[in-house]
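Colleague: Numbering (this note's numbering), first residue to last: 997 to 1999. Think of the CB as a built atom: it goes at the ideal place given N, C-alpha and C, for glycine as much as any other residue.
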Amino acid sequence: MEEVLAGLCGTKPSEPLPVWINGSIGFCFKELVLSSLPHAILAIISACYVGTPRFPGYDNLSRPSWKCRILVSFFFAILSLLDIILTAVFSQQSTIPLAVLADASSDPDVVLELHQSTFSWSPPLSASHFESEEEPEQKGALETCIHHLTVKKGTLVGVVGKVGCGKSSLLAAITGELNRKDGSVYVLGLEQGFGLVTQEPWIQFATIRENILFGKGYNAKFYQEVVEVCALADDLKILPRGDQTIVGEKGVTLSGGQKARVALARAVYQNKEIYLFDDPLAAVDADVASHIMEKCILGILRHKTRILCTHRLEILDKADMLVLMEDGKIVQTGPPSEILLLVEAAPKHRDKGKQQQKASVVHMVKNEDEIEEQQLQVDSPLQAEEEKKEGVVAFLVYQAYWLAVGSWLSSSILLSLLLMQASRNISDWWLSNWISNLQQTRNTSMSNLSPANLSPKLLLFSPGGLMSPITMTHSSVQNSSSDIRFYLMVYGSIAAANSLFTALRAFLFAYGTIRAASILHNKLLKRVLKATVTFFDTTPTGRIINRFSSDLYCIDDSLPFILNICLANVFGLLGMVVIISYGLPWIILVMVPLAALYFCIQRYYRHTSRELKRLYSISLSPIYTHFSETLTGLNTIRATRATDRFEEENKVRLETNQRCLFISNTAMQWLDIRLQMIGVVVVTAIAVIAIIQHQKESGNPGLVGLALSYALSITNLLSGLISSFTQMETMMVSVERAEEYSTELPKETQDEVIQVATDWPSEGHVEFRNVMLAYRHGLPNALDGVNFTVVPGEKVGIVGRTGSGKSTMFLALFRMFELNEGEILIDNVNIRLVALEELRSRLAIIPQDPFLFSGTIRENLDPWGWHMDAELYQVLEQVHLKEVITRMGGLDSDVGERGRNLSMGQRQLVCLARALLTHAKILCIDEATASVDQKTDQLLQQTIRERFADKTVLTIAHRLNTIMDSDRVLVMNAGKVVELDTPKVLCNNSESSFHRLIQSGEQ
997 MEEVLAGLCG
1007 TKPSEPLPVW
1017 INGSIGFCFK
1027 ELVLSSLPHA
1037 ILAIISACYV
1047 GTPRFPGYDN
1057 LSRPSWKCRI
1067 LVSFFFAILS
1077 LLDIILTAVF
1087 SQQSTIPLAV
1097 LADASSDPDV
1107 VLELHQSTFS
1117 WSPPLSASHF
1127 ESEEEPEQKG
1137 ALETCIHHLT
1147 VKKGTLVGVV
1157 GKVGCGKSSL
1167 LAAITGELNR
1177 KDGSVYVLGL
1187 EQGFGLVTQE
1197 PWIQFATIRE
1207 NILFGKGYNA
1217 KFYQEVVEVC
1227 ALADDLKILP
1237 RGDQTIVGEK
1247 GVTLSGGQKA
1257 RVALARAVYQ
1267 NKEIYLFDDP
1277 LAAVDADVAS
1287 HIMEKCILGI
1297 LRHKTRILCT
1307 HRLEILDKAD
1317 MLVLMEDGKI
1327 VQTGPPSEIL
1337 LLVEAAPKHR
1347 DKGKQQQKAS
1357 VVHMVKNEDE
1367 IEEQQLQVDS
1377 PLQAEEEKKE
1387 GVVAFLVYQA
1397 YWLAVGSWLS
1407 SSILLSLLLM
1417 QASRNISDWW
1427 LSNWISNLQQ
1437 TRNTSMSNLS
1447 PANLSPKLLL
1457 FSPGGLMSPI
1467 TMTHSSVQNS
1477 SSDIRFYLMV
1487 YGSIAAANSL
1497 FTALRAFLFA
1507 YGTIRAASIL
1517 HNKLLKRVLK
1527 ATVTFFDTTP
1537 TGRIINRFSS
1547 DLYCIDDSLP
1557 FILNICLANV
1567 FGLLGMVVII
1577 SYGLPWIILV
1587 MVPLAALYFC
1597 IQRYYRHTSR
1607 ELKRLYSISL
1617 SPIYTHFSET
1627 LTGLNTIRAT
1637 RATDRFEEEN
1647 KVRLETNQRC
1657 LFISNTAMQW
1667 LDIRLQMIGV
1677 VVVTAIAVIA
1687 IIQHQKESGN
1697 PGLVGLALSY
1707 ALSITNLLSG
1717 LISSFTQMET
1727 MMVSVERAEE
1737 YSTELPKETQ
1747 DEVIQVATDW
1757 PSEGHVEFRN
1767 VMLAYRHGLP
1777 NALDGVNFTV
1787 VPGEKVGIVG
1797 RTGSGKSTMF
1807 LALFRMFELN
1817 EGEILIDNVN
1827 IRLVALEELR
1837 SRLAIIPQDP
1847 FLFSGTIREN
1857 LDPWGWHMDA
1867 ELYQVLEQVH
1877 LKEVITRMGG
1887 LDSDVGERGR
1897 NLSMGQRQLV
1907 CLARALLTHA
1917 KILCIDEATA
1927 SVDQKTDQLL
1937 QQTIRERFAD
1947 KTVLTIAHRL
1957 NTIMDSDRVL
1967 VMNAGKVVEL
1977 DTPKVLCNNS
1987 ESSFHRLIQS
1997 GEQ
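1. For D2000, which option in D1283, Y1265, A1256 and G1796 has the closest C-alpha, if you only look at C-alpha atoms?
2. Assign W1404 to one of two classes, buried (16 or more other C-beta atoms within 10 Å of its C-beta) or exposed (fewer than that).
3. Quick check on the burial criterion: 16 or more other C-beta atoms within 10 angstroms. Buried or exposed for M1321?
4. Let me know the secondary structure DSSP gives L1277 once reduced to three states.
5. Any idea if T1726 is buried or exposed, counting beta-carbon neighbours within 10 angstroms, 16 or more meaning buried?
6. Please work out which residues of its chain come closer than 8 Å, Cβ to Cβ, to N1856, disregarding the five sequence neighbours upstream and downstream, and give them in chain order.
7. Once you ignore the five residues that flank V1284 on each side, which residues in its own chain have a CB closer than 6 Å to its CB?
8. Could you please give the first and the last residue of the uninterrupted alpha helix (DSSP H) stretch that includes K1148?
9. Could you check which residue in Y1771, L1611, N1560 and Q1723 has the C-alpha nearest to that of F1531?
10. Does the distance from the CB of L1908 to the CB of I1952 come in under 8 Å?
11. If you reduce the DSSP assignment to three classes, tell me which class R1205 lands in.
12. Ends of the alpha helix (DSSP H) at Y1594?
13. Does the distance from the CB of I1959 to the CB of G1789 come in under 8 Å?
14. Would you call L1779 buried or exposed, if buried means 16 or more other Cβ atoms sit within 10 Å of its Cβ?
15. Relative to the C-alpha of T1804, which residue among V1782, D1823, L1821 and I1822 is closest?
16. Less than 8 Å between the C-beta atoms of I1820 and V1767, yes or no?
17. I'd like to confirm the pairing. Which residues does DSSP put opposite R1765 in its beta bridges?
18. Quick check on the DSSP output: what are the complete beta strand (DSSP E) runs of length 3 or more inside the stretch 1932-1978, in order along the chain?
19. Which residue spans inside the stretch 1285-1340 form an unbroken beta strand (DSSP E) run of at least 3?
20. Considering only residues of the same chain and omitting the five flanking positions on each side of G1154, which have a CB-CB separation below 6 Å?
21. Using the Cβ count rule (16 or more neighbours within 10 Å means buried), how would you classify Y1214?
22. Quick check on E1109: does DSSP put it in helix, strand or coil?
23. Hey, how far is the Cα of E1310 from the Cα of L1294?
24. Quick check: what's the CA-CA separation for R1543 versus K1647?
25. Among the residues of its own chain, which have a CB less than 7 Å from the CB of D1865, if the five just before and after it don't count?
26. Can you find at least 3 beta carbon pairs, one from the stretch 1547-1560 and one from the stretch 1710-1725, that sit closer than 8 Å?
27. Which residues does DSSP list as the beta-bridge partners of T1722?
28. Considering only residues of the stretch 1645-1684, which uninterrupted alpha helix (DSSP H) runs meet the minimum length of 4 residues and lie entirely inside it, listed in chain order?
29. Run through the stretch 1817-1886 for me and flag every whole beta strand (DSSP E) of 3 or more residues, listed as ranges in chain order.
30. So A1784 is in the beta strand (DSSP E); what residue range does that whole segment cover?
31. Helix, strand or coil: which one does DSSP assign to D1888?
32. If you reduce the DSSP assignment to three classes, tell me which class S1180 lands in.
33. DSSP three-state label for G1154, please.
34. Which of the three DSSP states is assigned to K1212 in this structure?
35. By a C-beta neighbour count over all protein chains shown, 10 Å radius and 16 as the cutoff for buried, is K1233 buried or exposed?
36. DSSP on L1192, reduced to helix/strand/coil?
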């Protein structure tokens, strides 16, 4: 799958040329025109020089054209950026939800009322021309039509229905995330916001306390009460730093149930009047769900208005009203006694005796699991500070860029630059020689035309007997015209060669830099895709995004631009030094100390600018991290009316970044002032040397004039060289950062020791032998001596409390983490000896957290394009998604980012359909049906049993009824296998852990 993603995100080796053609023909044409223009102008002016007594500063015409070229580039870059900014400004929607209007209600007890309202995920028509790119994503999306819904203050409303019926859309409509097409909506205290708990818990990269407070002041008494009712007290006691523990990005150190409870505690602490719960109990055990229901939803929030979407029907009998939804519409509302009869029968409640028994069992199991929970938490920082190189940019970085361009191509670029500069200097020398000879010829001709200078012999013995002055003048003009044609022809040939070399240099440089950017990008992408899971757990997304956005943009655009200027300055300076040294030899006495002085200044400045660039790059990572985190939790931020606070937090991070940029620009001005001051001294020295040489009448006047013209601009060229070189070095920091990831990231072992058969595994035999695994060095083992064997075709259910090591076994089976000890055998082959790509492609998994890639249904089901449409529709029908996908627009309908156009349950079904297409002999199911209703769950279990009848199936489940028909049940606790037998045997054994789980009512 990594190769598929690399193909989608990267560029193939055969693609740089077409990409370059689209973006670089204009660059080559611009270089050709702007470099040829000065030569054409000079040729025209020189041709007219016969009637012009003096025209100084020919060489200076090329410098304004060069600056004009830079200004044109900046102008078009600004236009493109301005277009992007204006599009974003005019297309953005207001941060205050516009779909909800506070229309007055006749009943003062009503806090929420919807009447004849229709909501859609599609943007309003008035903004469609701004958001035309997003419209296809929403095509075919389910509309939410609410004929009438009234919710009174202080009531508990339960929302039920099968997967994908529109429960989450109803909550989104209330918060204003959906666009209201018609109808009326009334929300009491809309400006105060809502207490929202989403189906996917959103956790910030902060401490647990900061996540719960969410910007509000700390009230110790209320805070402790919230922690208690949300069943977090025991968890905080286990954590080494309690609620001061940093949970990592997206709550990486917390289990799914812990994240759900932290999100619930955050909503409760906000103390809103209206609470919206989107299946918050799906990720917690039955005892925890009962505690939250009694102490939180029916306890501390009893006077609040609560709307609860859930598949746990057994907890809804205490609701004041139930809402049954189907296909985005409210089918019926009423008391639980009526609505529950229309849905699947709710499980019976346990009696008091069993409840007490459950409590004792839960207490016992929690004590047993305490060691395992401690394994997940250590008193050490989860995330280290981002590393920053120091000192000069290493030679290996320049070497990496040279090799990315290509050694032959880089040498060709330098050769073309040398030829371009040599032809330019030769053209200037030829022009000065032409002007000198022309002036000398003119002076000689005018002096010879004087009658006093005419020789009597010439007058007497000339053809025709006597030569008149007019005849001699005409002959002189003819000779002069012949000379002009000769000089013009030579100058034009040199100028044409210069234009040819310029075009060649532009062509090679544009292609080489784009090739380098493509290679560095692909190299970085492949290394990140091969990185270990630990790297992603300990590295914020913002750091990775920073490498792929800011640093790669610099490599794509800024570095080639500055490198082009720097190389032009280097070769221009070399040519200038040659001409000046030849025309004004004494200038060498000034240039030697001048070079030493410039070297000292640039060395001092480079040290500062280089470190400022590194600080600037590092300061971008928190911005990307915060921005990514904000986008993920945007629904919660808007619902709780916390947008102003997040804007301020973003401004703080931007100010830190801008400080680095401001200081960098200030340092550049420091350099510019000193270079200008030195330039004044240099120009004065050059003028003095030129005057002295003129007084001594030494040297060719034309060559001296050319050297003087060059010398007057040498300070600007030296200043430009130092500025461009230091900027190039700061830009090379981006290459340094990209190479740091490309070469130093810890990567998974990809080596293949043995070649397995094409049909491996052909049986589906799985064996764990004394498997021991720790997530990171220094942590206790998450799997501690696991031993068991699964025979081919066997169905094994895996149970155990949170943190017992169930999911870790799947991680070990797929080699997401390497084992510390032991071995895992599949068909008697040690998986450590099998190539990773080979191993993972032969297994199938349905993860607990379904992940869909941005793209179409087809691309998510069959990213390799191996299956026909009929096969895809067949598996969609088997997972009961065909009707939904057809309504969305078929296999080519877009699922949106992370599958946002589908509900959580529908995403799980897509993952199941993807697994059905693999025909793998071993299927791993990790809570794959946690977000679907019980009826759909039963149908899916039946599909799995039929399609994988001859396959080995390992199923992790909290709903014990889904594994009761398994061949055997494996019970995990504290990273060890405590039981492994048939469900019947374990249920009949009153001393077994599985029997206690059944009695405790966990589902």
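Modeller: So, from the data block:
1. Shown here, the chain extends from 997 to 1999; a query on residue 2000 therefore has no answer.
2. Sequence index remark: in the sequence shown, residue 1404 carries index 408 (1-based). Exposed is the call here.
3. Residue mapping note: residue 1321 aligns to position 325 of the sequence shown, counting from 1. Label assigned to M1321: buried.
4. Looking up residue 1277 in the sequence shown gives position 281. Three-state result, L1277: coil.
5. Translated into the one-based positions of the sequence shown, residue 1726 becomes position 730. By the 10 Å Cβ count, T1726 comes out buried.
6. As a working note, residue 1856 is residue 860 in the sequence shown. Cβ neighbours of N1856 beyond the five flanking positions: L1848, F1849, V1891, G1895, V1906 and R1910.
7. If you number the sequence shown from 1, residue 1284 lands on position 288. So the list reads A1227, once near-sequence residues are dropped.
8. Stepping through the sequence shown from its first residue, residue 1148 is reached at position 152. Careful: K1148 lies outside any alpha helix (DSSP H), inside the beta strand (DSSP E) at T1140 to K1148.
9. Start at 1 with the first residue of the sequence shown, and residue 1531 comes out as number 535. Comparing Cα positions, the closest option is Y1771.
10. For the purposes of this step, residue 1908 is taken as residue 912 along the sequence shown, with counting starting at 1. For the purposes of this step, residue 1952 is taken as residue 956 along the sequence shown, with counting starting at 1. Not a contact, by the Cβ cut-off of 8 Å.
11. Numbered from 1 along the sequence shown, position 209 holds the residue referred to as residue 1205. Helix at R1205.
12. The count along the sequence shown starts at 1 and reaches residue 1594 at position 598. Segment I1584 to T1628, the alpha helix (DSSP H) holding Y1594.
13. Working through the sequence shown from its first residue, we reach residue 1959 at position 963. Working through the sequence shown from its first residue, we reach residue 1789 at position 793. In this structure, G1789 does not lie closer than 8 Å to I1959 by Cβ.
14. Taking the sequence shown and counting its residues from 1, the one referred to as residue 1779 is at position 783. So L1779 ends up on the buried side.
15. Counting from 1 along the sequence shown, the entry for residue 1804 is found at position 808. Considering only alpha carbons, the answer is V1782.
16. Numbered from 1 along the sequence shown, position 824 holds the residue referred to as residue 1820. Numbered from 1 along the sequence shown, position 771 holds the residue referred to as residue 1767. Yes, Cβ-Cβ distance for I1820 and V1767 is below 8 Å.
17. Within the sequence shown, numbered from 1, the residue matching residue 1765 stands at position 769. According to DSSP, which records beta bridges pairwise, R1765 is partnered with E1819.
18. 1948-1952, 1964-1969 and 1972-1977
19. 1301-1305, 1317-1322 and 1325-1330
20. As a working mapping, residue 1154 is identified with position 158 in the sequence shown. Closer than 6 Å at Cβ, skipping near neighbours: L1304, L1312, A1315 and L1318.
21. Indexing the sequence shown from 1 puts residue 1214 at position 218. That one is exposed.
22. Position 113 of the sequence shown, counting from 1, holds the residue named residue 1109. Three-state result, E1109: strand.
23. Taking the sequence shown and counting its residues from 1, the one referred to as residue 1310 is at position 314. Taking the sequence shown and counting its residues from 1, the one referred to as residue 1294 is at position 298. Near 14 Å, if we compare the C-alpha coordinates of L1294 and E1310.
24. As a working mapping, residue 1543 is identified with position 547 in the sequence shown. As a working mapping, residue 1647 is identified with position 651 in the sequence shown. Roughly 21 Å between the two C-alpha positions.
25. In the sequence shown, counting from the first residue as 1, residue 1865 sits at position 869. Closer than 7 Å at Cβ, skipping near neighbours: L1887.
26. yes
27. Translated into positions along the sequence shown, residue 1722 becomes position 726. None, per the DSSP bridge assignment.
28. none
29. 1817-1822 and 1840-1842
30. By one-based count along the sequence shown, residue 1784 stands at place 788. Checking the displayed sequence, the identity of residue 1784 turns out to be Phe instead of Ala. F1784 -> beta strand (DSSP E) spans L1779 to V1786.
31. Translated into positions along the sequence shown, residue 1888 becomes position 892. D1888 falls in the coil class under three-state DSSP.
32. Along the sequence shown, read from residue 1 onward, the residue named residue 1180 stands at position 184. Strand at S1180.
33. Locating residue 1154 in the sequence shown gives position 158, counting from the first residue. Strand, per DSSP.
34. Position 216 of the sequence shown, counted from the start, is the residue given in the question as residue 1212. The answer is coil: DSSP assigns K1212 none of H, G, I, E or B.
35. To locate residue 1233, count along the sequence shown from 1; it is residue 237. Label assigned to K1233: exposed.
36. By one-based count along the sequence shown, residue 1192 stands at place 196. The answer is strand: DSSP assigns L1192 an E or B state.
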